[in-house]
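Quick note on this note's numbering: the sequence shown kicks off at 249 and runs consecutively. Heads up, the beta-carbon is just placed ideally off N, CA and C, and yes, glycines get one too. Notes follow the structure.
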Amino acid sequence: MIRTQHFLWKLEGKVGVLTLNRPEKKNPLTFESYAELRELFRALAREDAVKAVVLTGAGGNFCSGGDVHEIIGPLTGMKMPELLEFTRMTGDVVKAMRACPQPVIAAVDGVCAGAGALLALFSDLRYAKPDAKVAFLFTRVGLAGADMGACALLPRVIGQGRASELLYTGRSMDAQEGLAWGFFNKVVDPVLPAAMGAAQGLASGPTFAHGVTKKMLHQEWNVGIDEAIEMEAQAQAICMQTKDFQRAYEAFAAKKKPEFQGD
């Protein structure tokens, strides 16, 4: 059973809904909420009842990044060991998002900046409301655009040149630009029902196989094509042993829609 102190968490059917909930400040993160996010995504690997996750923000904004007074201020007084402990913890958040077997869908509206932009980036799918604005604004506070894996993943999503521009300048990317560049999968209003619909569709599908797809999407970054083909051969052979694979065949033979159960 997942319990949270710094966010809202609820299970709607098979979909877990995680809401960043500091709307008066546009849902910034603190030291404590970073740590809780990391532990929540780690815990999802043990939550069999949760088949997909929607990540959203309260009050018309997604996330404004690290809280200026509760994070950025204290960081200016820390020594290197403390700073490295913090930056590794923030990296562990997105590592945990990558490692959890459930697809994560970000429902983005309003401000999506700094660490908030990284939470959206490391989600598996990204839906946006037309008013969404995404900014990797680290350079505006004197930091590198290299934060929480941004230099690794953003070029893979939108291309090297576009990623370079956003990471050097810290400017905002609006929803339509993000859609055209491939950052967003869909721009829709209202965004949360659309993201929930997509999550529910995934949650009703072959969820064991979805977990394998997610793992392969991440693990195959670091191998050659021949190695990737072999990895996928082994992964698919495992999926062919599942009951969902048998159900799909039987439903096809009976001219019915398969009812997947994730096993």
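Within 10 Å of its beta-carbon, does residue i have 16 or more other beta-carbons around it, so buried, or fewer, so exposed?
{"i": "Thr304", "result": "buried"}
{"i": "Leu256", "result": "exposed"}
{"i": "Arg270", "result": "buried"}
{"i": "His317", "result": "exposed"}
{"i": "Leu259", "result": "exposed"}
{"i": "Lys491", "result": "exposed"}
{"i": "Phe508", "result": "buried"}
{"i": "Ile486", "result": "exposed"}
{"i": "Asp474", "result": "exposed"}
{"i": "Ile406", "result": "buried"}
{"i": "Asp511", "result": "exposed"}
{"i": "Ala501", "result": "exposed"}
{"i": "Ala394", "result": "exposed"}
{"i": "Ala398", "result": "buried"}
{"i": "Tyr416", "result": "exposed"}
{"i": "Val342", "result": "buried"}
{"i": "Met444", "result": "buried"}
Pull up the DSSP beta-bridge partners for residue i, would you.
{"i": "Met421", "result": "Val382"}
{"i": "Val359", "result": "Lys381"}
{"i": "Lys434", "result": "Tyr375"}
{"i": "Leu285", "result": "Its beta-bridge partners do not exist; DSSP assigns none."}
{"i": "Leu256", "result": "Thr267"}
{"i": "Cys311", "result": "Cys360"}
{"i": "Gly510", "result": "BP columns for Gly510 are empty, so no partner."}
{"i": "Leu277", "result": "Gly314"}
{"i": "Ala354", "result": "Leu303, Arg374"}
Could you give the residue range of the beta strand (DSSP E) that holds residue i?
{"i": "Gly453", "result": "That residue, Gly453, is in no beta strand (DSSP E); it is neither H nor E in DSSP."}
{"i": "Ala300", "result": "300-305"}
Answer yes or no: do residue i and residue j have a C-beta to C-beta separation smaller than 8 Å?
{"i": "Lys434", "j": "Gln350", "result": "no"}
{"i": "Ile319", "j": "Thr278", "result": "yes"}
{"i": "Ala376", "j": "Val352", "result": "no"}
{"i": "Glu272", "j": "Gln253", "result": "no"}
{"i": "Gly418", "j": "Thr387", "result": "yes"}
{"i": "Ala306", "j": "Asn275", "result": "yes"}
{"i": "Val382", "j": "Met345", "result": "no"}
{"i": "Gly264", "j": "Val301", "result": "yes"}
{"i": "Ala354", "j": "Ala293", "result": "no"}
{"i": "Phe384", "j": "Leu427", "result": "no"}
{"i": "Leu369", "j": "Leu401", "result": "yes"}
{"i": "Leu440", "j": "Met396", "result": "no"}
{"i": "Glu280", "j": "Ile250", "result": "no"}
{"i": "Ala483", "j": "Met464", "result": "yes"}
Need the endpoints of the alpha helix (DSSP H) that residue i sits in, please.
{"i": "Phe334", "result": "328-347"}
{"i": "Leu266", "result": "Taken as a continuous stretch (DSSP letters only), Leu266 belongs to no alpha helix (DSSP H), being part of the beta strand (DSSP E) at 263-268."}
{"i": "Lys491", "result": "491-501"}
{"i": "Val405", "result": "398-406"}
{"i": "Ile319", "result": "First-last for Ile319: undefined, no H or E at that position."}
{"i": "Met479", "result": "473-487"}
Using beta carbons (cut-off 8 Å, strictly below), is residue i in contact with chain E?
{"i": "Ala411", "result": "No chain E is present in this structure, which holds just one protein chain."}
(request) Indicate whether the contact test is met: 3 or more Cβ pairs, each with one atom in the segment 306-315 and one in the segment 353-364, closer than 8 Å. (result) Output reads yes: the segment 353-364 touches the segment 306-315.
(request) Could you tell me whether the segment 487-495 touches the segment 452-462, using the rule of 3 or more Cβ pairs below 8 Å? (result) yes
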